[in-house]
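Peer 1:
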Amino acid sequence: MPAIAQDNPAPPVVAGFERFAGSDALEPVQAGQLLIGELRCTACHADGNASPLPGPNLQAAGLRLRSQWMLQFIEDPQAVKPGTTMPNLLGQFTAKEKRSIAESIVAFLRSQRRPYQEIKATGAQPVPYRFWERGNPQHGAELYHQSGCVACHAADQNYQPDGGPAAAADDRLAQLLEELDPEELAELGLDDIVSEAFSIPHADLAQKYTSLGLTRFLLDPLSTRPGGRMPDMKLAPVEAADLAAYLIERDDAAGDDGTTAPARSVPTADAQRIADGKKWFRELRCVQCHAADGVTPPTDTGLVTLAALRSAETARCSDSSADRDSAARHRPDYSLNEAQQQAILAALRTAGSPQPEATAAQRVHQELLRQNCYACHRRDSVGGVGRDRRGYFATVDHIDLGDEGRLPPPLTAVGRKLTVPWMSKVLKGQKADVRPHMLARMPVFATEATKTLPALFAAADEASQATSKTVFGDTAQLADAGRQLMDTGCVQCHAFDGQSMPGVMGVDIRGIGQRMHPQWFADFLMNPGKLKPRTRMPTFFQNGESQDKQLLGGDPQRQIAAMWTYLNASGKPRLPEKLETARATNYELIPNKRPVVLRTFMREAGTHAIAVGYPHQVHLAYDALNCRPALLWRGRFLDAQGTWFVRFTPPADPLGSDPVPLPDDFPIISLRSPQKTSATNAQTDTNTAPRFDGYRLDSHGTPTFLSHGHGLRLSERWEPHEQGFRRTLTIEGLTAQTAAQQLALRLHGGPGLTSKTPYAAKDESGLQLRLLDASNLKNQGLAPELQERAGQSQWLLPLAPAASEQASATIVIQYSW
Numbered sequence: 001m002p003a004i005a006q007d008n009p010a011p012p013v014v015a016g017f018e019r020f021a022g023s024d025a026l027e028p029v030q031a032g033q034l035l036i037g038e039l040r041c042t043a044c045h046a047d048g049n050a051s052p053l054p055g056p057n058l059q060a061a062g063l064r065l066r067s068q069w070m071l072q073f074i075e076d077p078q079a080v081k082p083g084t085t086m087p088n089l090l091g092q093f094t095a096k097e098k099r100s101i102a103e104s105i106v107a108f109l110r111s112q113r114r115p116y117q118e119i120k121a122t123g124a125q126p127v128p129y130r131f132w133e134r135g136n137p138q139h140g141a142e143l144y145h146q147s148g149c150v151a152c153h154a155a156d157q158n159y160q161p162d163g164g165p166a167a168a169a170d171d172r173l174a175q176l177l178e179e180l181d182p183e184e185l186a187e188l189g190l191d192d193i194v195s196e197a198f199s200i201p202h203a204d205l206a207q208k209y210t211s212l213g214l215t216r217f218l219l220d221p222l223s224t225r226p227g228g229r230m231p232d233m234k235l236a237p238v239e240a241a242d243l244a245a246y247l248i249e250r251d252d253a254a255g256d257d258g259t260t261a262p263a264r265s266v267p268t269a270d271a272q273r274i275a276d277g278k279k280w281f282r283e284l285r286c287v288q289c290h291a292a293d294g295v296t297p298p299t300d301t302g303l304v305t306l307a308a309l310r311s312a313e314t315a316r317c318s319d320s321s322a323d324r325d326s327a328a329r330h331r332p333d334y335s336l337n338e339a340q341q342q343a344i345l346a347a348l349r350t351a352g353s354p355q356p357e358a359t360a361a362q363r364v365h366q367e368l369l370r371q372n373c374y375a376c377h378r379r380d381s382v383g384g385v386g387r388d389r390r391g392y393f394a395t396v397d398h399i400d401l402g403d404e405g406r407l408p409p410p411l412t413a414v415g416r417k418l419t420v421p422w423m424s425k426v427l428k429g430q431k432a433d434v435r436p437h438m439l440a441r442m443p444v445f446a447t448e449a450t451k452t453l454p455a456l457f458a459a460a461d462e463a464s465q466a467t468s469k470t471v472f473g474d475t476a477q478l479a480d481a482g483r484q485l486m487d488t489g490c491v492q493c494h495a496f497d498g499q500s501m502p503g504v505m506g507v508d509i510r511g512i513g514q515r516m517h518p519q520w521f522a523d524f525l526m527n528p529g530k531l532k533p534r535t536r537m538p539t540f541f542q543n544g545e546s547q548d549k550q551l552l553g554g555d556p557q558r559q560i561a562a563m564w565t566y567l568n569a570s571g572k573p574r575l576p577e578k579l580e581t582a583r584a585t586n587y588e589l590i591p592n593k594r595p596v597v598l599r600t601f602m603r604e605a606g607t608h609a610i611a612v613g614y615p616h617q618v619h620l621a622y623d624a625l626n627c628r629p630a631l632l633w634r635g636r637f638l639d640a641q642g643t644w645f646v647r648f649t650p651p652a653d654p655l656g657s658d659p660v661p662l663p664d665d666f667p668i669i670s671l672r673s674p675q676k677t678s679a680t681n682a683q684t685d686t687n688t689a690p691r692f693d694g695y696r697l698d699s700h701g702t703p704t705f706l707s708h709g710h711g712l713r714l715s716e717r718w719e720p721h722e723q724g725f726r727r728t729l730t731i732e733g734l735t736a737q738t739a740a741q742q743l744a745l746r747l748h749g750g751p752g753l754t755s756k757t758p759y760a761a762k763d764e765s766g767l768q769l770r771l772l773d774a775s776n777l778k779n780q781g782l783a784p785e786l787q788e789r790a791g792q793s794q795w796l797l798p799l800a801p802a803a804s805e806q807a808s809a810t811i812v813i814q815y816s817w
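Here the sequence shown stands for residues 1 to 817, numbered as in my numbering.
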């Protein structure tokens with residue numbers, strides 16, 4: 001339930017202000033400018049500079065948000081979400097007026113139902129049917145606490161972080177720091193390190209969102225929050241559903257603590273109320289911050305400019321409630337505290353008057369404050385993960401790579417290190433993730449908000465413009481020497497073109513020239529600790545001398561140039577010798593007399609993959625999480641090196657050819673389920689979600705996979721047959737209720753699926769399926785049907801009443817391609 005209004009509403013929370021106001025990192029004028037931007041003052045009061053920060057997009061509010069929550073929030077934002085930056089627009093109206101206006105605006109917002117964008121499923125990213133209803137709260141809790149959410153938002157007190165050995169060291173350090181007083185901490189330069197993070201509050205998400213609304217928001221937050229204050233965490237659809245399920249369950253479990261108001265009915269959104277709401281949406285200037293269909297902001301707000309607000313005689317939104325006059329009826333109330341008011345006044349005193357142009361470094365600092373980058377990253381002794389949050393940051397499998405392996409990297413002098421194009425790719429999320437060992441994710445930010453940041457970094461940090469030729473000279477004959485030098489230590493920690501020694505999971509350094517300035521590379525290799533304090537990167541040129549006195553005459557500069565040349569060589573140069581030797585050790589699995597079964601991780605079958613290789617040179621991958629066959633292929637089977645020896649297991653890719661992906665969900669579906677345009681599968685009810693029951697091997701080593709769902713038990717056996725596969729499915733537990741549920745077995749599905757005879761089908765990839773023993777199917781009352789469901793063709797076998805009377809059914813399918 002929304003909270004009951006309080007006498008002293010909480011002030012708005014702007015993370016950068018809350019964490020740094022009053023410190024050397026944020027001067028009063030800069031603090032006020034930050035608040036003016038984040039509270040969107042310039043949406044109404046023009047300042048002639050940057051465009052105002054847009055507020056949440058409301059064009060799909062009727063789909064995303066619960067009406068009861070919208071009604072309460074519009075009436076009293078600070079009571080419903082303490083710390084919100086949304087001002088109270090109705091504070092000067094009577095209770096009856098507030099109720100009427102809020103109901104009208106909610107009616108208008110309920111009419112805002114712009115459809116969600118279609119999500120396209122791929123082999124690597126399946127989209128289960130009605131995925132937002134299938135969230136796993138336990139996995140969602142892990143995502144929330146491990147992927148980086150807790151850098152900005154409060155952690156769950158009931159969740160125990162497991163950051164591994166490095167986090168344990170943090171705990172010991174914290175105990176030591178608590179014994180020092182503030183003066184001693186300042187003297188040691190540790191005063192900022194011990195600061196705790198400030199949490200950006202959530203609304204009561206269970207009251208605010210439907211499961212669909214919250215899942216869709218988490219999946220693509222930038223479409224709803226174009227200002228970018230909630231970045232895109234690169235969640236897959238299933239991950240977004242898991243995270244939404246956790247957040248809703250968490251807020252539901254918080255319960256009613258007595259500060260909540262009773263629910264009130266929301267009137268019908270008739271045409272008159274919608275029209276009235278649209279009028280108030282304009283009149284209260286909601287349209288200045290929020291996009292909504294059917295209404296556009298005026299070209300002139302009729303309000304004074306930001307500079308005019310310098311005058312003490314001018315009434316301001318930042319005035320306290322006690323200072324407001326009767327003309328303040330439509331003036332928003334932000335509930336600013338004294339520190340916030342003084343900071344805004346300090347900034348207003350400079351508005352409109354000539355000011356020194358901000359330096360690139362100052363502009364970088366302001367942008368990092370706005371985007372709250374300091375919640376994760378440290379730059380020039382400012383920011384970084386709060387002391388109380390560091391324990392939640394870990395590496396995959398707790399591989400000990402120190403803090404630089406688990407915490408987001410510092411941004412000090414990053415413009416000197418990384419190229420502008422690479423930084424742009426990082427901010428846009430364009431395949432620029434180079435730390436596979438780190439659980440925390442680098443999010444994607446709004447392009448408009450960060451498009452100038454890479455160039456500003458370069459200018460602020462005085463990035464070297466020297467080319468490779470300027471730095472390294474003539475490198476035409478140096479690649480072979482560079483390859484040799486990789487074996488002096490690089491291969492022990494780094495990957496090369498995705499290839500690495502067993503157990504190695506460091507940054508891939510092939511093609512490093514795409515992301516790194518050559519001068520920084522040369523300086524770093526000569527003295528890593530100087531450019532990156534406390535790095536685990538060893539020094540190979542101690543006191544400026546090479547360890548290898550023979551190669552290239554022992555000249556450190558030429559050896560570093562050789563490394564650069566090899567790492568940036570075009571084409572596919574040979575791997576370092578030690579890596580080639582390691583890979584020459586054959587871990588390829590070759591089925592001879594019996595099938596080979598390997599539990600592994602595969603792109604097409606996920607993290608619970610069971611791969612089965614057959615001597616007949618046809619192979620299968622089964623997804624044990626979703627209880628489905630995922631992939632067929634021919635030829636060679638798999639390389640098990642990554643599965644057996646690499647702690648961060650890379651995906652095991654089929655070594656053979658002719659891969660055939662199969663439908664991406666449990667084979668038994670309900671025909672009563674609503675359809676979904678982007679899905680090729682059909683699983684609906686979380687109470688009947690499929691569960692894997694293991695597999696059994698027969699005397700020949702052929703597995704039969706066991707699962708259950710929708711109250712039925714399913715076993716399926718795959719065996720080579722006529723250059724393809726024969727799949728035998730047995731369904732048990734059929735009852736009269738099964739028929740009432742309108743269940744069916746999905747034989748296949750996908751684009752271009754056709755059926756020329758009742759018992760055979762073919763898809764556009766060339767996969768042919770044929771139902772064997774048609775007479776037995778007829779005796780069981782089973783007849784296949786080709787249906788259009790969820791925008792695609794599906795070959796279905798309804799589980800008819802005749803079958804349910806027999807309690808079980810057996811279906812045999814021949815696959816060839």
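Glycine included, every Cβ here is placed at the ideal spot set by N, Cα and C. The structure presented is a predicted model; accordingly, all values stated were derived computationally and were not measured.
1) Rounding to the nearest angstrom, what Cα-Cα distance links D763 and G752 in this structure?
2) Does the distance from the C-beta atom of D698 to that of P128 stay below 8 angstroms?
3) Can you tell me which of the three DSSP states T467 falls into?
4) Could you tell me which of G37, M86, P115 sits nearest to G62, measuring between CA atoms?
5) Per the DSSP calculation, G724 is bridged to which residue(s)?
6) In angstroms with no decimal places, state the Cα-to-Cα distance between R134 and L214.
7) Within 10 Å of its beta-carbon, does T565 have 16 or more other beta-carbons around it, so buried, or fewer, so exposed?
8) Helix, strand or coil, according to DSSP, for R746 in the structure here?
9) Kindly indicate the opening and closing residues of the beta strand (DSSP E) around I669.
10) Which partner residues of Q557 appear in the DSSP bridge assignment?
11) Apart from the five residues on each side of it in sequence, which residues of its chain come closer than 6 angstroms, Cβ to Cβ, to M828?
12) Ends of the beta strand (DSSP E) at I813?
13) Where in the region 55-119 do unbroken runs of the alpha helix (DSSP H), each at least 4 residues long, occur, reported from the N-terminal end onward?
14) To the nearest angstrom, report how far apart R534 and G656 are at their CA atoms.
15) What's the C-alpha gap between G571 and A561?
16) Expressed to the nearest angstrom, what Euclidean distance is found between the alpha-carbon atoms of A822 and D252?
17) Does DSSP put R416 in a helix, in a strand, or in coil?
18) Check whether the Cβ atoms of P528 and G544 lie closer than 8 angstroms to each other.
19) May I have the straight-line CA-CA distance separating Q499 from K578, to the nearest angstrom?
20) Would you please state the rounded distance, in angstroms, between the beta carbons of A611 and A621? I believe it to be under 8 angstroms.
21) Q792: which of Q33, G750, P436, P615 sits nearest, CA to CA?
22) Looking at the structure shown, is Y695 part of a helix, part of a strand, or coil, going by DSSP?
23) Considering only heavy atoms of the ligand ATP, does any lie closer than 7 angstroms to the CB of M516?
24) Using the C-alpha atoms, what's the distance from V364 back to A479?
25) Pull up the distance between the alpha-carbon of V396 and that of R406, whole angstroms please.
26) Using 8 angstroms as the Cβ pair cut-off and three pairs as the minimum, do the region 372-391 and the region 459-466 touch?
27) Whose C-alpha, out of A736, I731, R746, R40, is nearest the C-alpha of H290?
28) Pairs of beta-carbons, one from the region 88-101 and one from the region 579-598, closer than 8 angstroms: are there three or more?
29) What is the DSSP secondary structure of S335, reduced to helix, strand or coil?
30) Could you compute how far the alpha carbon of F496 sits from the alpha carbon of D400?
31) So the beta strand (DSSP E) V596 belongs to, where does it begin and stop?
32) Can you tell me the Cα-Cα spacing of V56 and K778, whole angstroms?
33) Straight-line CA distance for S223 to I274?
34) Do three or more CB pairs link the region 433-450 to the region 463-477 at distances below 8 angstroms?
35) Contact check, L822 vs Y209 under 8 angstroms by CB: the rounded distance?
36) Measure from the alpha carbon of A584 to the alpha carbon of each residue in P502, L525, I512, then state which is nearest.
Peer 2: According to the structure data:
1) Position 763 of the sequence shown, counted from the start, is the residue given in the question as residue 763. Position 752 of the sequence shown, counted from the start, is the residue given in the question as residue 752. Roughly 5 angstroms separates the two Cα atoms.
2) In the sequence shown, residue 698 corresponds to position 698, counting from 1. In the sequence shown, residue 128 corresponds to position 128, counting from 1. Their beta carbons are not under 8 angstroms apart, which means D698 does not touch P128 by this criterion.
3) What you label residue 467 is simply residue 467 of the sequence shown in a count that begins at 1. Coil at T467, not helix or strand.
4) Start at 1 with the first residue of the sequence shown, and residue 62 comes out as number 62. Per the Cα distances, P115.
5) Against the sequence shown, residue 724 aligns to sequence position 724. Bridge partners of G724: H721.
6) Walking along the sequence shown from the start, residue 134 turns up at place 134. Walking along the sequence shown from the start, residue 214 turns up at place 214. In a straight line, the C-alpha of R134 is about 13 angstroms away from that of L214.
7) Sequence index remark: in the sequence shown, residue 565 carries index 565 (1-based). The residue is buried, with at least 16 neighbouring Cβ atoms inside 10 Å.
8) The sequence position of residue 746 within the sequence shown is 746, counting from 1. Three-state result, R746: strand.
9) Against the sequence shown, residue 669 aligns to sequence position 669. Here the beta strand (DSSP E) through I669 covers 668-670.
10) Position 557 of the sequence shown, counted from the start, is the residue given in the question as residue 557. The partner list for Q557 (beta bridge, DSSP) is empty, contrary to what the question assumes.
11) Any question about residue 828 goes unanswered here, given that the chain covers just 1 to 817.
12) Start at 1 with the first residue of the sequence shown, and residue 813 comes out as number 813. Segment 808-816, the beta strand (DSSP E) holding I813.
13) 61-64, 67-75, 77-80, 95-110
14) Position 534 of the sequence shown, counted from the first residue, corresponds to residue 534. Position 656 of the sequence shown, counted from the first residue, corresponds to residue 656. Cα to Cα, the separation comes out at about 45 angstroms.
15) Here residue 571 is taken as the residue at index 571 of the sequence shown, counted from 1. Here residue 561 is taken as the residue at index 561 of the sequence shown, counted from 1. So the two alpha carbons sit approximately 19 angstroms from each other.
16) Residue coverage of the chain in this structure runs from 1 to 817, which leaves residue 822 outside it and unanswerable.
17) As a first step, residue 416 must be located in the sequence shown, where it is residue number 416. In the structure shown, R416 sits in a helix (DSSP, three-state: H, G or I).
18) Against the sequence shown, residue 528 aligns to sequence position 528. Against the sequence shown, residue 544 aligns to sequence position 544. Cβ distance not < 8 angstroms, so P528 and G544 don't count as in contact.
19) Within the sequence shown, the letter at position 499 stands for residue 499. Within the sequence shown, the letter at position 578 stands for residue 578. Their Cα atoms are separated by approximately 12 angstroms.
20) On the sequence shown, position 611 is the one that residue 611 refers to. On the sequence shown, position 621 is the one that residue 621 refers to. About 5 angstroms separates the Cβ atoms of A611 and A621, confirming a contact at the 8 angstroms cut-off.
21) As a first step, residue 792 must be located in the sequence shown, where it is residue number 792. When only C-alpha atoms are compared, the closest one is G750.
22) By 1-based counting over the sequence shown, the position of residue 695 is 695. It is a strand residue.
23) The ligand ATP is absent from the structure shown, which contains no ligands of any kind.
24) Counting from 1 along the sequence shown, the entry for residue 479 is found at position 479. Counting from 1 along the sequence shown, the entry for residue 364 is found at position 364. Spanning the two alpha carbons is a distance of roughly 38 angstroms.
25) As a first step, residue 396 must be located in the sequence shown, where it is residue number 396. As a first step, residue 406 must be located in the sequence shown, where it is residue number 406. Rounded to whole angstroms, V396 to R406 spans 9 angstroms at the Cα level.
26) Contact between the region 372-391 and the region 459-466 is absent, because fewer than three Cβ pairs lie under 8 angstroms.
27) Position 290 of the sequence shown, counted from the first residue, corresponds to residue 290. For H290, the nearest C-alpha among the options comes from R40.
28) no
29) Here the question's residue 335 lines up with position 335 in the sequence shown. Coil.
30) Start at 1 with the first residue of the sequence shown, and residue 496 comes out as number 496. Start at 1 with the first residue of the sequence shown, and residue 400 comes out as number 400. Approximately 20 angstroms, taken between the alpha carbons.
31) Position 596 of the sequence shown, counted from the start, is the residue given in the question as residue 596. From DSSP, the beta strand (DSSP E) with V596 extends over 596-602.
32) Walking along the sequence shown from the start, residue 56 turns up at place 56. Walking along the sequence shown from the start, residue 778 turns up at place 778. Residue 56 is actually Pro in this sequence, not Val. If I take the Cα positions, the gap works out to 57 angstroms.
33) For this step, residue 223 is matched to residue 223 along the sequence shown. For this step, residue 274 is matched to residue 274 along the sequence shown. Answer to the nearest angstrom: the Cα atoms are 24 angstroms apart.
34) no
35) The chain is shown from 1 up to 817; residue 822 falls before or after that span and cannot be answered.
36) Translated into the one-based positions of the sequence shown, residue 584 becomes position 584. Of the listed residues, the one whose Cα sits closest to A584 is P502.
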